[in-house]
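Here is the structure we will look at, set down as structure tokens.
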Amino acid sequence: MESAESSTGVRKATRKADDDFEAEEVKGEETAVAAFNEALIVAPSAPPKLNTNAPKVNYQPHYVYGYRGYDSRENLFFTQEAKIAYPLAALGIVLDPKSNKQSFFGGKPLGKTNNQHDDDILCLAISHDRKVIATGQTGVKPKRQAKE
1 MESAESSTGV
11 RKATRKADDD
21 FEAEEVKGEE
31 TAVAAFNEAL
41 IVAPSAPPKL
51 NTNAPKVNYQ
61 PHYVYGYRGY
71 DSRENLFFTQ
81 EAKIAYPLAA
91 LGIVLDPKSN
101 KQSFFGGKPL
111 GKTNNQHDDD
121 ILCLAISHDR
131 KVIATGQTGV
141 KPKRQAKE
């Protein structure tokens with residue numbers, strides 16, 4: 001049998017002749033599994049250069065599934081055209097139930113710095129004539145937005 005030792009000299013795992021490993025109790029915060037895996041993890045010899053540039057892509061969601069209702073109330077409304085308006089994450093969604101198509105507002109496009117939502121929308125309200133939707137988000141610097 002051979003044993004693996006950490007840099008502190010504490011015995012962590014025992015290797016049997018048939019390539020099976022026996023876990024031993026390890027002192028400190030490490031576990032036997034972590035100690036065994038420590039021997040398997042090797043830094044790459046030529047790691048790739050870190051690219052910190054944002055990708056040059058635009059996105060537009062096609063369809064968003066879900067509804068945020070677990071921590072907010074009274075935030076689902078019918079518009080004047082009988083469409084359904086509701087929030088999910090940083091998006092305001094307007095669903096046409098007849099065609100099952102959605103339109104979106106409020107999400108912040110990649111690489112843009114504007115007044116679009118960049119955190120979860122927690123409140124949504126609609127005007128009395130049901131033409132204007134207003135949203136507000138959570139966060140340190142909350143933003144609000146209105147869509148007609």
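1 is the number of the first residue of the sequence shown in the numbering used here; add one for each residue after it. Using N, Cα and C, we set each Cβ at its ideal position, and we do this for glycine too. Quick caveat: nothing in here was measured; it's all calculated off a predicted structure.
Three-state secondary structure (DSSP) of residue i
i    : result
Q102 : strand
L88  : strand
A35  : helix
L40  : helix
K147 : strand
A125 : strand
Q137 : strand
L95  : strand
Nearest-angstrom beta carbon gap, residue j and residue i [assumed within contact, 8 Å]
i    : j    : result
A146 : D120 : That pair is no contact at about 18 Å.
N75  : P61  : Not confirmed; about 19 Å, so no contact.
I133 : L124 : 7 Å
Exposed unless 16 or more other CB atoms sit within 10 angstroms - verdict on residue i
i    : result
S45  : exposed
G92  : buried
T52  : exposed
K143 : buried
Beta bridge counterpart(s) of residue i as assigned by DSSP
i   : result
V64 : BP columns for V64 are empty, so no partner.
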